[in-house]
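Following our numbering, the numbering of the sequence shown begins with 325 at its first residue and continues without gaps.
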Amino acid sequence: MEIVIKDIDELPAIAERLIELAGDRKLWFFTGQIGAGKTTLIQHLCRAWGVREAVTSPTYALVNVYDGDMPIYHLDLYRLGSLEEALDMGIEEYLYSGQHCLVEWPEIVGELASELDPLRVHLEIEPDSSRKIVLLERNYSG
325 MEIVIKDIDE LPAIAERLIE LAGDRKLWFF TGQIGAGKTT LIQHLCRAWG VREAVTSPTY
385 ALVNVYDGDM PIYHLDLYRL GSLEEALDMG IEEYLYSGQH CLVEWPEIVG ELASELDPLR
445 VHLEIEPDSS RKIVLLERNY SG
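Set out below in structure tokens:
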């Protein structure tokens with residue numbers, strides 16, 4: 325499934341639609357080039373789940389925890405170089421928590437979480453600067 329976003333004002337409705345499509349899946353993997361809008365989309369998802377605090381990129385902290393209708397873990401693994409580093413930072417605690425876990429740059433943990441059936445969301449920047457959200461096939465393989 326593909327969704328093209330021409331205006332940022334469309335994001336609240338798109339976030340609601342993605343939540344509906346996710347069903348009971350709580351693990352989400354976000355891929356796409358820097359600046360494609362991963363964190364911006366996550367901000368709107370968190371708002372839809374009742375988060376009122378600022379939702380920011382956890383690039384340096386690695387993990388932000390938000391209080392909404394339930395705890396939400398927002399991870400950015402961009403700076404990690406290996407699965408071992410992810411394990412050292414306690415990635416399994418978040419992936420297997422049963423809470424909403426939103427992971428940017430998940431490539432290094434894809435195999436670890438494949439049995440959890442994450443919703444894979446890929447964002448692309450289009451030539452006209454609009455964004456395309458692509459929901460990828462189930463079962464992430466890296």
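Cβ atoms here follow ideal geometry from the backbone N, Cα and C, with glycine treated the same way.
- For D412, the enclosing alpha helix (DSSP H) starts and ends at L407 to D412.
- Between the region 400-419 and the region 338-350, the count of Cβ pairs shorter than 8 Å is below three; the stretches do not touch.
- In the three-state scheme derived from DSSP, where H, G and I count as helix and E and B as strand, P382 is classed as coil.
- Taken atom to atom, the span from the alpha-carbon of E326 to that of I457 is near 6 Å.
- If you draw a straight line from the Cα of T380 to the Cα of L407, it is about 24 Å long.
- Here D412 is actually not in contact with R349; their C-beta atoms are around 26 Å apart, not less than 8 Å.
- Within the same chain, Cβ atoms closer than 6 Å to the Cβ of D393 are found at W373 and G374, the five residues on either side in sequence being excluded.
- Between S453 and S438, the alpha-carbon positions lie close to 32 Å from each other.
- Counting every other CB atom within 10 Å of its CB across the protein chains shown gives P430 a total of 16 or more, marking it as buried.
- Judged by DSSP secondary structure, I338 falls within the alpha helix (DSSP H) whose first and last residues are L335 to A346.
- Put simply, of L404, R455, E450 and R444 the residue whose alpha carbon is nearest the alpha carbon of T355 is R444.
- Secondary structure of K362 (DSSP, three-state): helix.
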